[in-house]
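These notes concern the structure reproduced below.
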Amino acid sequence: MSAFRLAVLASGTGTNLQAILDLLHGRDGVEVVAVGSNKRDAQALERASSAGVETGVFCGADYADRAQRDAAMADWLGERNVDLIVLAGYMELLSPEFVRRFRNRIVNVHPALLPSFPGLDAVGQALAHGARVTGVTVHLVDEGVDSGPILLQRAIKVPYTRDRAELEEEIHRVEHELLPEAIRLIAAGAVHIDPKNPRVVHVDVETRE
Ligand code: GRF
């Protein structure tokens with residue numbers, strides 16, 4: 041069986057990338073074949089290099105506009121025959137052309153229970169709103185902001201202290217389980233979009249751990 045080829049895009053520290061490398065890379069036919077970033081100094085790039093994974097940098101400043109940058113990034117990923125693109129703290133909106141080219145083959149992890157608190161600083165939004173429960177969502181990426189079909193979600197209680205650092209730590213802990221789990225399910229062919237309602241995603245129960 042040929043490998044399931046994964047690409048990861050990340051802008052920051054890359055702890056989610058690390059979870060993917062630790063839990064999935066080189067196992068059950070899954071290979072991380074490329075890690076791209078819009079930031080030359082992203083720690084995620086060092087994590088990829090340490091794992092022997094090829095990296096690419098696509099800074100906005102090097103291109104005329106976002107569409108051209110994303111076209112270059114899409115070609116780079118296309119040349120590597122990636123099966124799935126994972127946004128793991130990739131802090132830019134992808135162009136509609138990029139999303140169309142890889143339709144239903146891009147997933148994102150978001151630190152809230154969508155559709156609540158989309159966009160930037162979801163943790164801050166949840167705290168400012170007085171939410172008692174928030175969580176983590178893994179979803180397919182469409183042309184909107186955190187608006188694509190939901191794959192997996194897990195709720196997290198906001199701590200009684202409403203301490204941001206404590207909540208963020210718990211969110212990261214859950215992300216590091218939920219994102220690899222979603223990728224594993226997709227790689228296993230256990231995820232199907234409902235033909236009657238493309239917002240609804242079915243997951244084969246027997247494949248879930
Ligand atoms: C995560 O909280 C993710 O939900 C958000 O960006 C953060 C990335 O963290 N989209 P890291 O770079 O994986 O540590």
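If you use my numbering, the sequence shown corresponds to residues 41 to 249, in order.
Where is the CB? At the ideal position from N, CA and C, for every residue including glycine.
Just to confirm, does residue i get its C-beta within under 7 Å of one of the non-hydrogen atoms of ligand 1?
i    : result
E183 : no
E215 : yes
V198 : no
G159 : no
A50  : yes
N121 : no
N56  : yes
P151 : yes
With DSSP run on the structure shown, which of helix, strand or coil describes residue i?
i    : result
N56  : helix
A82  : coil
S51  : coil
H232 : strand
L127 : strand
V241 : strand
Taking only heavy atoms of ligand 2 into account, decide whether any of them is closer than 7 Å to the Cβ of residue i.
i   : result
A47 : Looking at this structure, you won't find ligand 2 anywhere; what it does contain is ligand 1.
How do the stretch 52 to 60 and the stretch 79 to 91 stand: do at least 3 beta-carbon pairs fall below 8 Å, yes or no? yes
Cβ contact (3+ pairs, closer than 8 Å) linking the stretch 106 to 123 and the stretch 155 to 164: no
Jot down the residue ranges of each uninterrupted alpha helix (DSSP H) in the stretch 129 to 208, minimum 4 residues, whole runs only, in chain order. 136 to 141 and 162 to 169
Would you check if the stretch 132 to 140 and the stretch 62 to 69 touch, i.e. whether three or more CB-CB distances between them fall below 8 Å? no
Report yes or no: do three or more beta-carbon pairs, one from the stretch 231 to 241 and one from the stretch 65 to 75, lie closer than 8 Å? no
Counting pairs of beta carbons, one from the stretch 116 to 131 and one from the stretch 194 to 210, are three or more of them closer than 8 Å? no
Let me know the beta strand (DSSP E) ranges lying completely inside the stretch 63 to 110, each 3 residues or longer, listed in chain order. 70 to 77 and 95 to 97
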